[in-house]
Every structure is written in C-alpha cells, then in structure tokens.
Amino acid sequence: MHSGAERVLRYEGKAKRVYRTGTPGECVIEFTDAATAFNGERKGEISDKGRINCATTSIFMAMLEEHGVPTHVIRQLSETELLARDVEIVPLEVVVRNIAAGSFTRRLGVPEGTPLSRPIVEFSYKRDDLGDPLLTRSHIEVLDLAPADVVAELEVRALRINELLRSHMVDRGVTLVDFKLEFGHTADGELVLADEISPDTCRFWDTATGDKLDKDLFRHDLGDATPAYQLLLDRLGATGVPA
Ligand code: TMP
270 MHSGAERVLR YEGKAKRVYR TGTPGECVIE FTDAATAFNG ERKGEISDKG RINCATTSIF
330 MAMLEEHGVP THVIRQLSET ELLARDVEIV PLEVVVRNIA AGSFTRRLGV PEGTPLSRPI
390 VEFSYKRDDL GDPLLTRSHI EVLDLAPADV VAELEVRALR INELLRSHMV DRGVTLVDFK
450 LEFGHTADGE LVLADEISPD TCRFWDTATG DKLDKDLFRH DLGDATPAYQ LLLDRLGATG
510 VPA
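If you're matching positions, the sequence shown starts at 270 in my numbering and goes up one per residue.
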C-alpha cells in the first residue's frame with residue numbers, strides 16, 4: 270500500500286479495500302486483484318486487475334467530472350489507489366442496460382446481444398447476504414431504502430452517465446452493453462457517483478470482433494481476463510499514474 274499517512278482499514282469489499290486517512294471526509298480506495306462472481310460463489314484472481322481497474326476508474330471518473338457529473342474521486346494516489354471523498358453509500362445498485370446480457374437474459378429469456386429499444390435502469394438491494402435482489406420502486410419506498418426524489422435523481426444521473434460512457438466508448442471501438450453504478454452522500458449532503466467503473470462492473474464488447482472485454486471472461490471461464498482488461502484500458506488511452 271501507498272506509504273506515508275496513517276491508514277486504518279474501514280471496509281473490505283470483494284475487490285477493494287477502503288481506508289480512513291488522517292483527513293476527515295477523505296478515504297483511500299485500494300483496488301485488488303481479487304475477483305468473485307455470482308455473489309461470491311466463484312472466487313479467484315485476475316492478475317494485475319487492481320492496477321488496471323484503478324487506472325480505468327480514474328479515467329472514467331475524470332471524464333464524467335469534466336462533463337459535470339460529480340464523483341467521489343479526488344485523484345489517483347498510486348497504481349492501485351485512489352483518494353476519494355468519504356460517502357454514505359445509498360444501499361442500491363443502479364444497473365443500466367443497452368443490450369440484453371447477463372441476468373436480464375437469464376431472467377427474461379431475451380437472447381444475449383439483443384439491442385434494447387431504449388436504455389433500461391434497474392435497482393437492486395445492495396445486500397450480499399440476500400444476493401442483491403432486484404427491487405421495484407414500491408420495494409424501495411416501503412423498505413425505506415431511499416427517498417423517492419433521490420431514486421428519481423439516480424435514474425436521471427444513471428441515464429446521463431450512460432450517454433457519456435456510451436459515446437466515449439463508441440469513439441474507441443467498444444460497445445457499452447450494461448453497467449452497475451453506486452452513489453453516495455458526502456458529509457455535506459451532496460449526492461455523488463461512488464465505487465468504480467471498470468470491466469468488473471461493466472460489460473464491454475469490442476465492436477469490430479464482438480470479443481468480451483470484461484468480467485464475463487472470469488464469470489464463465491472463457492479465458493484469461495487480464496489481456497482483455499488491459500486492452501480496454503489501452504483503448505482509453507491510459508498514460509500511467511498522473512504526477
Ligand atoms: P447482471 O446482468 O449480472 O445483472 O449485471 C449487470 C451489470 O452489472 C454488469 O455490467 C455487471 C454489473 N454487476 C456488478 O458490477 N456487480 C454485481 O454484483 C452484479 C451482479 C453485476
């Protein structure tokens with residue numbers, strides 16, 4: 270881990286560790302090579318993933334900030350670490366889909382690769398012990414998971430982020446199939462995009478070849494994921510950790 274400041278582990282997720290720093294309102298997010306799928310049923314490593322996903326997230330978050338989308342990222346600290354604003358995570362996973370794949374295909378019988386007539390936004394309950402179940406607006410309201418105005422705002426932001434990511438990737442020969450976002454509130458109440466944007470949390474297909482450039486390679490044991498993750502990062506034009 271990045272040396273220097275005192276850090277205390279605050280939270281250990283499946284692919285990231287979050288540390289408190291000495292500065293109130295800030296945290297350090299460390300990306301690891303650990304990979305899980307199907308709610309932790311499948312466990313392993315994707316070598317070099319921590320570095321690749323840290324850089325990828327850093328690039329995407331900076332692009333979104335440039336287009337007026339507030340995010341938790343302050344800056345990249347090292348190859349595998351970001352400095353971020355501390356947030357209270359809204360306990361919803363916000364999924365946007367442009368093309369049928371994954372659980373949408375399994376649940377609804379729509380063949381993988383079928384383009385959707387418009388982007389779909391789905392909410393799931395962020396609860397590993399329950400397997401992150403899909404939620405309706407009524408569930409969110411009755412379980413008091415988030416106020417209706419926040420849910421409406423999450424949908425607006427998710428669709429805006431979809432447009433920005435989609436057009437960014439089109440220019441780089443990559444099709445954005447679907448992705449998952451998480452949002453949080455900062456100490457002063459600002460709603461910001463949090464977590465990561467990477468091949469762990471998005472489906473990316475090479476537009477020319479149809480090759481998968483994401484975690485589906487690991488989920489379905491389709492081959493080494495590292496070169497695909499690196500290819501995606503290369504398409505983003507990564508130049509290394511900013512000074
Ligand atoms: P799904 O088709 O499995 O529901 O996944 C939709 C998108 O969300 C896909 O891009 C992968 C991403 N995702 C996560 O980031 N974390 C998760 O736990 C799950 C299930 C999906």
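Every residue gets a Cβ at the ideal spot worked out from N, C-alpha and C, and that includes glycine.
All of these numbers come straight from a predicted model, not from anything done at the bench.
- Remark: the C-beta of residue 376 is outside contact range of ligand 1, defined as less than 6 angstroms to any heavy atom.
- Here residue 471 is bridged, per DSSP, to 448.
- Per DSSP, the unbroken beta strand (DSSP E) holding residue 463 starts and ends at 460-463.
- Counting along the chain, the unbroken alpha helix (DSSP H) around residue 487 starts and ends at 485-488.
- According to the DSSP secondary-structure assignment, residue 351 is paired through a beta bridge with 298, 345.
- Taking 7 angstroms as the cut-off, the beta carbon of residue 452 is found closer than this to the beta carbon of residue 423.
- Residue 358 and residue 485 have their C-alpha atoms roughly 26 angstroms apart.
- 363 is the residue among 370, 385, 363, 387 whose C-alpha sits nearest the C-alpha of residue 395.
- For residue 304, the three-state secondary structure derived from DSSP is strand.
- For residue 416, there is no enclosing beta strand (DSSP E), as DSSP marks it with neither H nor E.
- In summary, residue 312 is exposed, with fewer than 16 beta-carbon neighbours lying within 10 Å of its beta-carbon over all protein chains present.
- Close CB contacts of residue 360 within its chain, under the 6 angstroms cut and outside five residues either way in sequence, are with 395, 414 (chain order).
- A Cβ-Cβ contact shorter than 7 angstroms links residue 349 with residue 299.
- Counting only runs that start and end inside the segment 368-435, the alpha helix (DSSP H) elements of at least 4 residues fall at 371-377, 406-411.
- Going by beta carbons, residue 370 and residue 472 fall inside the 7 angstroms limit.
- In this structure, DSSP gives residue 313 an extended state, which the three-state scheme calls strand.
- Between residue 356 and residue 489, the gap from beta carbon to beta carbon reaches 7 angstroms or more.
- Leaving aside the five residues that flank residue 317 on each side, the residues in its chain whose CB is nearer than 8 angstroms to its CB run, in chain order, 302, 495, 498, 499.
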